[in-house]
Amino acid sequence: MRLSLLTRERIFASSLLIPCFLFVFAFAFYPIFYSLFLSLHKIILSLPYLGSPFVGLDNYKELLGDRVALHSLINTLVFVFSTTILEILFGLVIALVINRHFKGRGIVRAAVLIPWAIPTVVSSQMWKLIFNDKYGLLNYILSGSNTSAYTAWLAHPATAFMAIVAADVWKTSSFAGLLILAGLQLIPDELYEAAEIDGASSWQQFREITLPLIKPAILIALLFRTMDAFRVFDLVFVMTQGGPADSTNVLQFYGYKKIFAEGFMGYGSTISVLVFFITFTVSLIYIRTIGTRLFHEKR
Amino acid sequence: MNKSLFYITTFIVVSLSLLPFLWFVNTSLKTPIEITAIPPVLVPSGTLNSYQSAIEDYNLLHFLKNSLIVAGITTIITILVSIITGYTLARLRIKYKGLIMGSLLVVSMFPQISIAGPVWKILQDLGWLNSYQGLIIPYVTLTLPLGVWILASFFKDLPPDLEASARIDGCSHFQTLFKIIVPLAAPGVFTAAILVFIYAWNEFFFALLIMTQQDFQTLPVGIALFQGQYTMPWGEIAAASTVSTVPLVLMVFIFQKRIISGLTSGAMKG
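Which chain is which? The protein sequence lines are F and L, in order. Position one of the first sequence corresponds to residue 7 (our numbering), numbered consecutively onward. Position one of the second sequence corresponds to residue 4 (our numbering), numbered consecutively onward.
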């Protein structure tokens, strides 16, 4: 039997996708289901002789009563919400600056990218030093040499939380800015010229032309930033270890601690599953909103 | 925005972006006494002791070597697989393209903790904890979406007649891809390579889980776990941080345009 040209191309094309599929299935999709499987078992890494008995939903029942888990969930949600909002706002300012034509724009763009390029572990150590209670730069900027007025930023729940938010906003606002920049670049100059002729002020131009037209870009930036904020880990690990009093404990860090530091592979996996379902739902909501907007505009 | 407001904003944005890190570089050139001094020392004595100590007492060069190996090999594998996958999705007739691109996007977005336990277990069963391949394979998986999205969008923009004429001249699909398409998409390949390299160079979470022995740890793990006997070794941490960041800073200044186009192309064209 001879296969048609189209069929042969399809078979060939599918075979080209195999390497990519192998990686993604073995180390991304399969592990998600494996997490679900592990979460139904009692597995303690330090007590291997207990085996891995099936315990049904016991781990989930335990999760419901776990106050630290609840605390981490709330912290994660507050962190996601506050960093995303701030990053979109600062990102908008950055995008407006680097979208202008001026001498040295290339250098300004590169400078803005530096925080994005720095390893998060490095920026976390850097902020940890700046927030230091005895010789940190921030205390000196606020109180000068009057050391009695110095604050131990990372030792109080509220300020420690604000510190990791600040460090995250510093690091990733430029990424949000770049996504918004891509939206700005799609706006034709003629629109502004026409508005200029009609006597519109620059604020009116911003509100009536810029904002509505970059809405899709802002939604995309929101999606990417939200998803990324859900996996905050490096900052917490280096700056606070989740403390003080779990005030900066977030789901990814708590899950890591349960599974790897304490060895509760089964129980910790319920957190993996929880995180997956939360982010999956949130991304579906975003993609539906963005999808209907973007694809309709493209048609 | 009027002119002066624009320049003030630009100045603030640039200062806020650069100064904190410059302060850290500054710290790496100070003596321990200068680091803890109040008021802070603005002009450091310029000693390289912290660098020397980071190398001799904290194995800095060892971490550097591991990072180069892991990030380098990850980049090569991811780019090769992304070229083939991106080409297929952009140029060949195949069903479920949208679904495949969408699932790749999902892979790049869900938090690592949702797969961490199983990935660790799989690697343990294979005996690949504390091995280069044990870290490279998860990294390839996590960077593939980025590579495929960028390359697919570059391949899509190339004129379609190219392949047709190459095919008429008797080239196979593979020859067409590597002799004609890839050279033309070289800027895209290069952009994707930079971004994948930066990701692998900076990744911390999986490196922490998989590399529990110092022999195989990468720079981020090393820097996060630097511990002094009595005090924080800030000079050494800052020195190691500077060493691990300088290559990235150079890349950003040289390839700024490519990085920006790479980060935005995948997102906007999808």
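For each residue, glycine too, the CB sits at the ideal point set by N, CA and C.
- In the structure shown, F/H47 adopts extended strand secondary structure according to DSSP, grouped into three states.
- Nearest C-alpha to L/Y54 among L/V46, L/P47, L/L63: L/L63.
- Note: F/F270 is bridge-paired with F/I50 in the DSSP secondary-structure output.
- A residue is called buried once 16 or more other Cβ atoms fall within 10 Å of its Cβ, and F/V244 is buried on that count.
- The beta carbons of L/K159 and L/A93 sit closer together than 8 Å.
- For the options L/I183, L/D60, L/A167, the alpha carbon positioned closest to that of L/F229 is the one of L/D60.
- Non-local beta-carbon contacts of L/G265 in its own chain, meaning distances under 6 Å to residues more than five positions away in sequence, involve I153, T194, L198 in chain order.
- Chain F places no beta carbon closer than 8 Å to that of L/W152, leaving this residue out of the contacts.
- In this structure, the straight-line span from the alpha carbon of F/S180 to that of F/S10 is close to 50 Å.
- Under the DSSP definition of a beta bridge, F/F60 partners with F/H47.
- The criterion of a C-beta distance shorter than 8 Å is not satisfied by F/T285 and F/I170.
- L/N133 is positioned such that its CB atom lies closer than 8 Å to that of L/F219.
- In the three-state scheme derived from DSSP, where H, G and I count as helix and E and B as strand, L/H176 is classed as helix.
- The three-state secondary structure of F/Q131, taken from DSSP, is helix.
- Collapsing the DSSP output to three states places F/R111 in a helix.
- Identification of chain F residues near L/T88 by a Cβ-Cβ cut-off of 8 Å yields L22, L23, P25, C26, ordered along the chain.
- When rounded, the separation of the alpha-carbon atoms in L/G137 and F/L79 is 30 Å.
- If you check the CB distance, L/S247 and F/V128 come in under 8 Å.
- Within the segment 226 to 257 of chain L, the residues whose Cβ lies closer than 9 Å to some Cβ of chain F are I226, A227, F229, M235, W237, I240, A241, A243, S244, T245, S247, T248, L251, V252, M254, V255, F256, I257, listed in chain order.
- Within 10 angstroms of the beta-carbon of F/Q191 lie fewer than 16 other beta-carbons, which makes it exposed.
- DSSP, read as helix, strand or coil, puts F/W159 in helix.
- When secondary structure is reduced to three states using DSSP, F/R106 falls in the coil class, being assigned neither helix nor strand.
- For F/Q210, the enclosing alpha helix (DSSP H) covers residues 208 to 211.
- Within the model, the alpha-carbon separation for L/A169 versus L/F181 is close to 12 Å.
- Judged by their CB atoms, F/T295 and F/S45 are not nearer to each other than the 8 Å cut-off.
- For L/S156, none of the residues of chain F pass the 7 Å Cβ criterion, the least Cβ distance being about 12 Å.
- The C-alpha of F/G62 lies about 11 Å from the C-alpha of F/G272.
- At the C-beta level, L/T91 and F/L23 come within 8 Å of one another.
- Using a Cβ-Cβ cut-off of 8 Å, L/I79 does not count as an interface residue toward chain F, since no Cβ of chain F sits closer than that to its own.
- At a cut-off of 4 residues, the continuous stretches assigned as alpha helix (DSSP H) that sit fully inside the segment 134 to 194 of chain F are 143 to 149, 163 to 190.
- In terms of CA proximity to F/D234, F/S88 leads the group F/S88, F/I100, F/N105.
- It is roughly 28 Å from the alpha-carbon of L/L51 to the alpha-carbon of L/G75.
- Taken through DSSP and simplified to helix, strand or coil, L/M214 comes out as coil.
- Chain-ordered, the chain L residues with CB closer than 9 Å to the CB of F/L143 read P23, W26, P43.
- Using a 10 angstroms sphere on the CB of F/Y55, the tally of other CB atoms stays under 16, which defines it as exposed.
- Its Cα nearest to that of F/P37, the residue L/S117 stands out among L/S31, L/V185, L/I263, L/S117.
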